[in-house]
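Undergrad: One structure, pasted below without further comment.
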């Protein structure tokens with residue numbers, strides 16, 4: 001239990017004859033202040049008395065050297081053996097984190113001063129475990145102390161025998177019923193539950209493979225382009241991980257050494273359950289409102305789409321086709337681009353009008369999906385926003401591509417004036433001799449493109465602003481989804497209710513340092529210099545990274 005094969009005596013408490021004790025033992029004497037006993041030891045030159053508040057395991061209090069990890073990603077057991085295909089961005093982020101970790105390890109190896117851990121430093125984790133086990137050890141000793149030297153029981157009276165017989169008969173009936181339940185009924189229920197759980201796991205794994213399927217290694221998966229698919233993936237991963245978490249929590253009482261490792265699993269498990277429960281409760285209320293007002297919600301969505309994605313875009317393009325803010329643009333190019341974009345907007349507007357009669361049914365379906373949680377309609381509204389504004393995204397890509405091409409050509413022509421050229425093989429600027437005809441053609445093209453650049457730039461800026469507005473709305477939806485899926489609500493409630501259930505490390509505070517040899521009143525007792533140190537448990541701080549996860 002305490003890291004040793006057997007127990008041994010450390011000292012005596014309030015001993016009558018302390019002189020007869022072993023010189024290596026310490027003798028503790030309590031006085032008017034029971035929190036700071038006087039410690040004496042024949043072989044001790046000085047004494048350090050460390051006081052601590054004993055954690056209560058029944059209240060899930062414990063002491064830990066390091067703060068716990070609330071995020072599931074910090075736990076190596078979270079689906080660590082499953083092969084999940086990653087996107088390019090996720091792969092780059094993982095590689096950057098790995099490079100930073102290796103760099104930090106190298107910096108640790110090149111420190112100016114590196115102290116070798118002493119025997120006391122190496123024993124600190126074992127001492128922390130002994131502090132966590134102190135309450136249970138005391139209860140075990142108090143429970144077994146009555147069995148030492150117990151006197152024989154007296155014979156029972158007639159009334160006591162009648163009560164004992166009745167209790168025995170009742171216990172026998174209960175035992176037979178329990179035996180029948182455990183032998184016949186419980187195995188059937190357990191097998192049925194296991195089969196249902198296995199079927200659910202198989203279906204969940206198939207759906208996860210479908211959501212993570214990529215046509216080619218560089219292509220995006222369905223979960224990368226759809227917020228609804230990503231939300232379904234999160235819920236499926238949670239449902240697949242909950243049985244493993246539950247089995248871990250069921251086994252935590254079998255080993256006392258798992259005190260500091262099982263509590264984070266407990267917090268993560270119930271935090272995810274609480275988040276899902278709150279998500280479903282909020283979703284039921286939100287879904288009821290959407291279903292009851294499906295026609296009004298569909299009408300409002302149609303008006304917003306017509307106002308901001310059609311009318312506002314048409315007015316801004318018509319304004320750019322003239323002299324916007326007194327800026328003289330190229331009329332022919334502005335008319336060509338404006339007519340092209342307006343024609344696409346008119347065609348998209350006719351498609352929206354065709355879709356408008358089916359909009360109430362779509363809103364009703366989104367409201368019905370709210371019974372699976374408020375995160376589901378939010379994800380669906382995010383996907384609907386992306387789908388119904390795809391023309392703006394297309395305009396942004398087209399204008400951005402034209403603007404990029406024009407800037408690239410202008411940069412190349414500017415190098416031509418300087419007698420330089422871009423070497424694509426070596427990725428550098430080299431010197432080059434040009435003919436007069438090449439310089440003349442380059443000058444003409446540079447002049448034309450330079451005067452056409454403001455016209456292309458204002459169209460690109462217009463669609464970039466519209467695209468940024470859509471991205472801001474999607475960022476708001478993603479923030480709501482992150483709060484509903486990853487907010488450490490359970491940990492926050494534990495932090496408010498009992499901070500000792502979320503330890504963030506330990507700290508030693510010096511309370512008193514007294515040299516009894518210079519104290520005439522206590523000099524006769526031969527007390528060595530004593531330092532009173534208090535072991536304080538630091539509170540766990542909920543950082544922004546924990547809230548974001």
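In my numbering, the protein residues as written are 1 to 549. Idealized CB from N, CA, C, for every residue including glycine. Please read all numbers here as calculations on a predicted model, not as lab measurements.
Name the DSSP bridge partner or partners of residue 512?
TA: Here residue 512 is taken as the residue at index 512 of the chain shown, counted from 1. Answer by DSSP bridge pairing, in chain order: 532.
Undergrad: Heavy atom of the ligand SAM less than 7 Å from the Cβ of residue 283, yes or no?
TA: The model depicted lacks the ligand SAM and carries no ligand whatsoever.
Undergrad: For the alpha helix (DSSP H) containing residue 132, name the first residue and the last one.
TA: In the chain shown, the residue the question calls residue 132 occupies position 132. 119–145 is the extent of the alpha helix (DSSP H) around residue 132.
Undergrad: Quick check on the DSSP output: the alpha helix (DSSP H) that includes residue 395 runs from which residue to which?
TA: Locating residue 395 in the chain shown gives position 395, where the first residue counts as 1. Here the alpha helix (DSSP H) through residue 395 covers 390–417.
Undergrad: By DSSP's criteria, residue 61 is part of a beta bridge. Which residues make up the other side?
TA: Counted from its first residue, the chain shown places residue 61 at position 61. According to DSSP, which records beta bridges pairwise, residue 61 is partnered with nothing at all.
Undergrad: State the beta-bridge partners of residue 422 as determined by DSSP.
TA: Taking the chain shown and counting its residues from 1, one reaches residue 422 at position 422. Answer is 429.
Undergrad: Given that a residue counts as buried once 16 or more other Cβ atoms are within 10 Å of its Cβ, and exposed if not, what is residue 14?
TA: The residue given as residue 14 occupies position 14 in the chain shown. That one is exposed.
Undergrad: Alpha carbon to alpha carbon, how far is residue 173 from residue 159?
TA: Position 173 of the chain shown, counting from 1, holds the residue named residue 173. Position 159 of the chain shown, counting from 1, holds the residue named residue 159. Cα-Cα distance, rounded: 21 Å.
Undergrad: May I ask you to list the residues that DSSP assigns as paired with residue 11?
TA: Within the chain shown, numbered from 1, the residue matching residue 11 stands at position 11. Looking at the DSSP assignment, residue 11 forms a beta bridge with 26.
Undergrad: According to DSSP, is residue 251 part of a helix, a strand, or is it coil?
TA: Translated into positions along the chain shown, residue 251 becomes position 251. In the structure shown, residue 251 falls within a coil segment according to DSSP collapsed to helix, strand and coil.
Undergrad: Starting from the Cα of residue 491, find the closest Cα among 285, 60, 317 and give me that residue.
TA: The sequence position of residue 491 within the chain shown is 491, counting from 1. The shortest Cα separation from residue 491 among 285, 60, 317 belongs to 60.
Undergrad: Out of 45, 27, 10, which one is the CA nearest neighbour of residue 528?
TA: Here the question's residue 528 lines up with position 528 in the chain shown. Comparing Cα-Cα distances from residue 528 to each of 45, 27, 10, the minimum goes to 45.
Undergrad: Apply the 10 Å Cβ neighbour rule to residue 581 and answer buried if 16 or more other Cβ atoms are within range, or exposed otherwise.
TA: Any question about residue 581 goes unanswered here, given that the chain covers just 1 to 549.
Undergrad: Compute the Euclidean distance between the alpha carbons of residue 524 and residue 132, then round it to the nearest angstrom.
TA: What you label residue 524 is simply residue 524 of the chain shown in a count that begins at 1. What you label residue 132 is simply residue 132 of the chain shown in a count that begins at 1. Interpretation of residue 524 is limited by its pLDDT of 46, a score under 50 that renders its predicted location unreliable; no figure is taken from the coordinates.
Undergrad: Quick one: using the 10 Å Cβ neighbour count with 16 as the cut-off for buried, is residue 332 buried or exposed?
TA: Translated into the one-based positions of the chain shown, residue 332 becomes position 332. Burial is judged here by how many other beta carbons sit within 10 angstroms of a residue's own beta carbon; residue 332 has fewer than 16 and is exposed.
Undergrad: How about the region 336–351 and the region 361–379: do they share at least three Cβ pairs that are nearer than 8 Å?
TA: Counting Cβ pairs under 8 Å, fewer than three are found: no touch.
Undergrad: CB residue 227 to CB residue 379, shorter than 8 Å?
TA: Here residue 227 corresponds to residue number 227 of the chain shown, with the count starting at 1. Here residue 379 corresponds to residue number 379 of the chain shown, with the count starting at 1. Against a cut-off of 8 Å, the Cβ pair of residue 379 and residue 227 comes out as a contact.
Undergrad: Should the region 397–410 be regarded as contacting the region 450–460, the criterion being three or more beta carbon pairs within less than 8 Å?
TA: yes
Undergrad: Just reading off the alpha helix (DSSP H) that residue 38 is part of, what are its end residues?
TA: Your numbering for residue 38 matches position 38 in the chain shown. Per DSSP, residue 38 belongs to no alpha helix (DSSP H); it is in the beta strand (DSSP E), 38–41.
Undergrad: Determine the contact status of residue 52 and residue 535, defining contact as a CB-CB distance below 8 Å.
TA: Here residue 52 refers to the residue found at position 52 of the chain shown. Here residue 535 refers to the residue found at position 535 of the chain shown. Cβ distance < 8 Å, so residue 52 and residue 535 count as in contact.
Undergrad: What are the boundary residues of the beta strand (DSSP E) that includes residue 48?
TA: Within the chain shown, residue 48 is the residue found at index 48, counting from 1. Per DSSP, residue 48 belongs to the beta strand (DSSP E) from 47–52.
Undergrad: Just to check my reading of the structure: residue 360 and residue 294 have Cβ atoms closer than 8 Å, yes? What is that Cβ distance to the nearest angstrom?
TA: For this step, residue 360 is matched to residue 360 along the chain shown. For this step, residue 294 is matched to residue 294 along the chain shown. Yes, residue 360 and residue 294 are in contact; Cβ-Cβ is about 5 Å, under 8 Å.
Undergrad: Hey, out of 65, 168, 104, whose CA is closest to residue 123's CA?
TA: Here residue 123 refers to the residue found at position 123 of the chain shown. Nearest of 65, 168, 104 to residue 123, Cα basis: 65.
Undergrad: According to the Cβ coordinates, are residue 222 and residue 213 closer than 8 Å?
TA: If you number the chain shown from 1, residue 222 lands on position 222. If you number the chain shown from 1, residue 213 lands on position 213. A contact, by the Cβ cut-off of 8 Å.
Undergrad: Rounding to the nearest angstrom, what Cα-Cα distance links residue 413 and residue 399 in this structure?
TA: By one-based count along the chain shown, residue 413 stands at place 413. By one-based count along the chain shown, residue 399 stands at place 399. Rounded to whole angstroms, residue 413 to residue 399 spans 21 Å at the Cα level.
Undergrad: Taking residue 446 and residue 410 to be in contact with their CB atoms under 8 Å, please state how far apart those CB atoms are, rounded to whole angstroms.
TA: The sequence position of residue 446 within the chain shown is 446, counting from 1. The sequence position of residue 410 within the chain shown is 410, counting from 1. Correct: roughly 7 Å between the Cβ atoms.
Undergrad: Measuring alpha carbon to alpha carbon, tell me which residue in 338, 324, 183, 309 is nearest residue 351.
TA: Stepping through the chain shown from its first residue, residue 351 is reached at position 351. Among 338, 324, 183, 309, the Cα nearest to that of residue 351 is on 309.
Undergrad: Apart from the five residues on each side of it in sequence, which residues of its chain come closer than 8 Å, Cβ to Cβ, to residue 335?
TA: Within the chain shown, residue 335 is the residue found at index 335, counting from 1. Correct list, in chain order: 321.
Undergrad: Leaving out five residues before and five after residue 289 in sequence, what residues of the same chain have Cβ atoms less than 6 Å from its Cβ?
TA: Translated into the one-based positions of the chain shown, residue 289 becomes position 289. No residues qualify anywhere along the chain.
Undergrad: Which whole-angstrom value describes the C-beta separation of residue 390 and residue 466, a residue pair presumed to lie in contact below a C-beta threshold of 8 Å?
TA: Here residue 390 corresponds to residue number 390 of the chain shown, with the count starting at 1. Here residue 466 corresponds to residue number 466 of the chain shown, with the count starting at 1. Actually they do not touch by this definition, with Cβ atoms about 12 Å apart.
Undergrad: Taking just the CA atoms, how far does residue 386 sit from residue 225?
TA: The sequence position of residue 225 within the chain shown is 225, counting from 1. The sequence position of residue 386 within the chain shown is 386, counting from 1. So the two alpha carbons sit approximately 10 Å from each other.
Undergrad: Give every residue of the same chain whose Cβ lies closer than 8 Å to the Cβ of residue 415, excluding the five residues on either side of it in the sequence, and list them in chain order.
TA: Along the chain shown, read from residue 1 onward, the residue named residue 415 stands at position 415. Once the five neighbours on either side are set aside, the close Cβ partners of residue 415 are 421, 422, 429.
Undergrad: Give the range of the alpha helix (DSSP H) segment to which residue 467 is assigned.
TA: The count along the chain shown starts at 1 and reaches residue 467 at position 467. Taken as a continuous stretch (DSSP letters only), the alpha helix (DSSP H) holding residue 467 covers 436–486.
Undergrad: Please confirm whether residue 485 and residue 234 have their CB atoms less than 8 Å apart.
TA: Position 485 of the chain shown, counting from 1, holds the residue named residue 485. Position 234 of the chain shown, counting from 1, holds the residue named residue 234. Yes, Cβ-Cβ distance for residue 485 and residue 234 is below 8 Å.
Undergrad: Smallest Cα separation from residue 507: which of 187, 539, 498, 202?
TA: As a first step, residue 507 must be located in the chain shown, where it is residue number 507. It is 539 whose Cα lies nearest to the Cα of residue 507.
Undergrad: Between the C-alpha atoms of residue 220 and residue 482, what's the straight-line distance to the nearest angstrom?
TA: For the purposes of this step, residue 220 is taken as the residue at position 220 of the chain shown. For the purposes of this step, residue 482 is taken as the residue at position 482 of the chain shown. The straight-line gap from Cα to Cα measures roughly 21 Å.
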